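Enquirer: Residue numbers (full-length UniProt numbering): 1 to 571.
(1) When the Cα of residue 381 is compared with those of 553, 464, 151, which residue comes out closest?
(2) If you follow the beta strand (DSSP E) that residue 553 is part of, which residue opens it and which one closes it?
(3) How big is the Cα-Cα spacing for residue 506 and residue 148?
(4) Threshold first: 4 residues or longer. Then list the alpha helix (DSSP H) segments lying entirely within the region 75 to 154, N to C.
(5) Terminal residues of the continuous beta strand (DSSP E) containing residue 21?
(6) Closer than 7 angstroms to a non-hydrogen atom of the ligand ADP - does that hold for the CB of residue 20?
(7) Taking buried to mean at least 16 other C-beta atoms within 10 Å of its own C-beta, is residue 1 buried or exposed?
(8) Mind checking residue 484: buried by the 16 CB within 10 Å criterion, or exposed?
(9) Between the C-alpha atoms of residue 16 and residue 125, what's the straight-line distance to the nearest angstrom?
(10) According to the neighbour-count rule (16 or more other Cβ atoms, all chains shown, within 10 Å of its Cβ), is residue 158 buried or exposed?
(11) Quick check on the burial criterion: 16 or more other C-beta atoms within 10 angstroms. Buried or exposed for residue 598?
(12) Look at the Cβ atom of residue 502, then the Cβ atom of residue 426, and state whether they are nearer than 8 angstroms.
(13) Could you spell out where the beta strand (DSSP E) holding residue 36 opens and where it closes?
(14) Determine contact between the region 103 to 112 and the region 47 to 63, defined as no fewer than three beta-carbon pairs at a distance below 8 angstroms.
(15) Let me check one thing: in DSSP terms, what residues is residue 3 bridge-paired to?
(16) Please state the DSSP three-state secondary structure of residue 369.
(17) With DSSP run on the structure shown, which of helix, strand or coil describes residue 355?
(18) Tell me where the beta strand (DSSP E) around residue 15 begins and ends.
(19) Could you please give me the residues that DSSP links to residue 391 through a beta bridge?
(20) Residue 23: which of 409, 96, 456, 88 sits nearest, CA to CA?
(21) Classify residue 448 as buried or exposed, calling it buried when 16 or more other Cβ atoms lie within 10 Å of its own Cβ.
(22) Going straight from the alpha carbon of residue 494 to that of residue 451, what length do you get?
(23) Report, in whole angstroms, the separation of the C-beta atoms of residue 65 and residue 93, which I expect to be a contact under 8 angstroms.
(24) Looking at residue 19: is its Cβ nearer than 8 angstroms to the Cβ of residue 118?
(25) The alpha helix (DSSP H) that contains residue 168, what's its start and end?
(26) Near residue 378, which residues of its chain fall below 8 angstroms by C-beta distance, leaving aside the five closest residues on each side in sequence?
(27) Please name the residue in 392, 432, 410 whose C-alpha comes closest to that of residue 402.
(28) What is the DSSP secondary structure of residue 521, counted as helix, strand or coil?
(29) Whole-angstrom Cβ separation of residue 9 and residue 154, contact assumed at under 8 angstroms?
(30) Tell me which same chain residues have a C-beta within less than 6 angstroms of the C-beta of residue 38, skipping the five on either side of it?
(31) Taking the C-alpha atoms as reference points, what is the distance between residue 361 and residue 472?
(32) For residue 368, which of 46, 14, 430, 21 has the nearest alpha-carbon?
(33) What are the partner residues of residue 438, as DSSP defines its beta bridges?
(34) In the DSSP assignment, find the unbroken beta strand (DSSP E) run with residue 454 in it and report its ends.
(35) Can you check whether the CB of residue 552 is closer than 8 angstroms to the CB of residue 565?
(36) Are the CB atoms of residue 385 and residue 7 within a distance shorter than 8 angstroms?
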């Protein structure tokens with residue numbers, strides 16, 4: 001009989017079936033809507049690092065055929081064949097999604113499901129309907145994910161946007177249709193040779209690209225006034241000549257600006273002004289010339305600048321075919337920006353892509369899981385997945401989204417007495433609703449640990465939050481030679497997740513007969529481990545000064561597979 005999953009439920013594939021060659025079927029429909037059903041093969045960071053593992057209607061299988069799109073069959077809208085043994089090691093998750101092709105919302109869908117079939121027998125099914133969604137246009141239905149072994153999770157998480165948005169969410173790239181190439185427009189002020197006058201080109205009727213054009217002249221022509229171009233940098237400009245008769249080439253065109261009256265070609269780019277000598281703005285100080293065609297007249301120089309009489313090295317105005325020097329080039333520090341330069345940014349500063357791009361690395365981590373680690377010191381829990389509340393340390397919430405209620409979680413009269421007597425009292429709050437809660441405390445490092453029927457012992461001081469479905473109790477560790485005669489800790493068992501906090505990066509060690517840890521530095525250990533207090537209190541040792549400060553340690557014993565977690569910090 002197939003196992004029925006609810007949203008947020010997880011299970012090992014080996015608990016469902018011994019097979020690894022699986023059939024995955026998806027059934028989803030709505031009146032007037034068309035759906036695209038896809039499978040994303042994600043890496044350890046839940047990113048689509050290899051587009052070949054995005055299996056959809058245009059790419060029906062992965063390279064080694066571990067994931068294959070089979071099409072509509074057996075009552076399923078879409079179906080896949082997943083061979084777990086063939087999946088390469090760099091793929092850690094398979095996310096099955098459904099998106100609406102065109103307009104529509106996921107709230108319109110009727111009853112649907114995602115199911116797993118092994119050997120012709122259905123072994124797991126997660127059913128859903130439109131009442132679980134609202135305005136979303138995509139939904140992440142279920143995941144196969146690798147955590148020691150392959151597991152299945154019923155996700156049922158809605159997603160705004162269509163297939164393109166979902167692909168970008170996983171780090172993929174959407175292939176855009178190439179637009180027809182537009183004719184390249186020459187830029188005003190380009191250097192000669194890049195944009196010759198339109199009349200200088202040979203007519204297309206010749207059809208011989210190697211034949212020289214009869215009309216054009218070399219770029220450094222002796223009549224630069226008629227061409228409107230400046231000689232290339234480094235060339236010696238010809239002496240001034242009287243203005244020739246008006247020519248059709250002297251009219252303003254889209255290729256070159258009209259030569260200013262006077263006919264004097266601008267000289268090559270001048271060298272930077274000596275240190276301490278102010279440089280006038282571009283175009284200022286050139287007697288007998290007006291601003292280039294299409295530009296605003298030059299404003300009067302600010303106070304303190306030299307007057308326009310007898311300039312030593314006039315600066316050619318921009319737009320005459322010479323490259324404009326970068327902002328701040330050749331200027332004294334602290335000098336006012338040249339006329340026309342942007343005033344909002346410092347001169348010479350690189351223009352970045354913007355605030356959004358700079359903060360892109362800190363954006364919220366997308367996932368369809370109940371618990372998600374945003375970074376080493378911040379964790380997020382989605383209360384809408386799993387359907388049961390979360391107990392968290394009071395004051396640990398730093399941000400929440402959606403409709404979330406926070407209430408006091410009391411320990412009861414007996415719990416307060418036990419907590420006061422053992423030092424294992426936890427001040428908790430209860431988080432319920434349909435939203436996401438972000439938890440952190442004092443910038444400590446956080447470690448979500450998922451329990452699936454096993455247990456772990458953690459000191460109450462190191463617990464940040466846990467699922468209410470977990471059972472917990474105070475555990476006593478007997479010992480001699482220590483104050484009170486015993487130590488205490490909290491033992492958590494059941495199915496759910498607990499978030500443990502540490503000061504610094506912890507170390508996880510296997511339990512051996514010679515494993516000892518400081519009772520103030522140990523954070524957690526497997527519940528199956530046997531703990532013995534190893535006291536080094538000696539009358540002779542304490543009778544003299546110079547105590548080592550390592551008087552009480554814990555010795556751990558147990559079968560292979562047990563572990564301890566120790567932090568580089570003593571409480």
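Cβ atoms here follow ideal geometry from the backbone N, Cα and C, with glycine treated the same way. All of these numbers come straight from a predicted model, not from anything done at the bench.
Expert: Judging by the given coordinates:
(1) Here residue 381 is taken as the residue at index 381 of the chain shown, counted from 1. The residue with the shortest Cα to Cα distance from residue 381 is 464.
(2) Here residue 553 corresponds to residue number 553 of the chain shown, with the count starting at 1. It spans 552 to 557 - the beta strand (DSSP E) in which residue 553 sits, taken as one unbroken run.
(3) By 1-based counting over the chain shown, the position of residue 506 is 506. By 1-based counting over the chain shown, the position of residue 148 is 148. Cα to Cα, the separation comes out at about 20 angstroms.
(4) none
(5) As a first step, residue 21 is located in the chain shown; it is residue number 21 there, counting from the start. Taken as a continuous stretch (DSSP letters only), the beta strand (DSSP E) holding residue 21 covers 21 to 27.
(6) This structure lacks the ligand ADP, and indeed carries no ligand of any kind.
(7) Indexing the chain shown from 1 puts residue 1 at position 1. Exposed, since its Cβ has fewer than 16 Cβ neighbours within 10 Å.
(8) Indexing the chain shown from 1 puts residue 484 at position 484. The predicted position of residue 484 is uncertain, since its pLDDT is 49 and thus under 50; no value can be drawn from it.
(9) Sequence index remark: in the chain shown, residue 16 carries index 16 (1-based). Sequence index remark: in the chain shown, residue 125 carries index 125 (1-based). When rounded, the distance between both Cα atoms is 11 angstroms.
(10) Residue mapping note: residue 158 aligns to position 158 of the chain shown, counting from 1. The residue is buried, with at least 16 neighbouring Cβ atoms inside 10 Å.
(11) In the structure as shown, the chain begins at 1 and stops at 571. Residue 598 is therefore absent and cannot be evaluated.
(12) Taking the first residue of the chain shown as 1, we reach residue 502 at position 502. Taking the first residue of the chain shown as 1, we reach residue 426 at position 426. No, they are not a contact pair.
(13) Residue mapping note: residue 36 aligns to position 36 of the chain shown, counting from 1. From DSSP, the beta strand (DSSP E) with residue 36 extends over 35 to 42.
(14) no
(15) For this step, residue 3 is matched to residue 3 along the chain shown. Paired residue(s): 124.
(16) Taking the chain shown and counting its residues from 1, the one referred to as residue 369 is at position 369. Correct three-state label for residue 369: coil.
(17) Mapped onto the chain shown, residue 355 falls at position 355. DSSP places residue 355 in helix when its eight states are reduced to three.
(18) In the chain shown, counting from the first residue as 1, residue 15 sits at position 15. From DSSP, residue 15 is part of no beta strand (DSSP E) but of the alpha helix (DSSP H) over 13 to 16.
(19) Here residue 391 is taken as the residue at index 391 of the chain shown, counted from 1. Its beta-bridge partners are 430, 466.
(20) Walking along the chain shown from the start, residue 23 turns up at place 23. It is 96.
(21) Within the chain shown, residue 448 is the residue found at index 448, counting from 1. Burial call: buried.
(22) Along the chain shown, one-based indexing puts residue 494 at 494. Along the chain shown, one-based indexing puts residue 451 at 451. Between residue 494 and residue 451, the C-alpha separation is close to 6 angstroms.
(23) Within the chain shown, residue 65 is the residue found at index 65, counting from 1. Within the chain shown, residue 93 is the residue found at index 93, counting from 1. Incorrect: roughly 19 angstroms between the Cβ atoms, too far for contact.
(24) Walking along the chain shown from the start, residue 19 turns up at place 19. Walking along the chain shown from the start, residue 118 turns up at place 118. In this structure, residue 118 lies closer than 8 angstroms to residue 19 by Cβ.
(25) As a first step, residue 168 must be located in the chain shown, where it is residue number 168. Its alpha helix (DSSP H) spans residues 163 to 169.
(26) In the chain shown, counting from the first residue as 1, residue 378 sits at position 378. 398, 438, 439, 440, 446, listed in sequence order.
(27) The residue given as residue 402 occupies position 402 in the chain shown. When each option's Cα is compared against that of residue 402, the closest is 432.
(28) Along the chain shown, one-based indexing puts residue 521 at 521. Coil at residue 521, not helix or strand.
(29) Against the chain shown, residue 9 aligns to sequence position 9. Against the chain shown, residue 154 aligns to sequence position 154. With 8 angstroms as the limit, residue 9 and residue 154 qualify as a contact, their Cβ atoms being about 5 angstroms apart.
(30) In the chain shown, the residue the question calls residue 38 occupies position 38. The answer, listed in chain order, is 56, 97.
(31) Here residue 361 refers to the residue found at position 361 when the chain shown is read from its first residue. Here residue 472 refers to the residue found at position 472 when the chain shown is read from its first residue. Taking the straight line joining both Cα atoms gives about 37 angstroms.
(32) Numbered from 1 along the chain shown, position 368 holds the residue referred to as residue 368. Here the closest residue by C-alpha is 46.
(33) The residue you call residue 438 lines up with position 438 of the chain shown. The partner list for residue 438 (beta bridge, DSSP) reads 380, 399.
(34) Start at 1 with the first residue of the chain shown, and residue 454 comes out as number 454. Note, residue 454: beta strand (DSSP E), 445 to 458.
(35) By one-based count along the chain shown, residue 565 stands at place 565. By one-based count along the chain shown, residue 552 stands at place 552. No, Cβ-Cβ distance for residue 565 and residue 552 is not below 8 angstroms.
(36) Position 7 of the chain shown, counted from the start, is the residue given in the question as residue 7. Position 385 of the chain shown, counted from the start, is the residue given in the question as residue 385. Going by C-beta atoms, residue 7 is nearer than 8 angstroms to residue 385.
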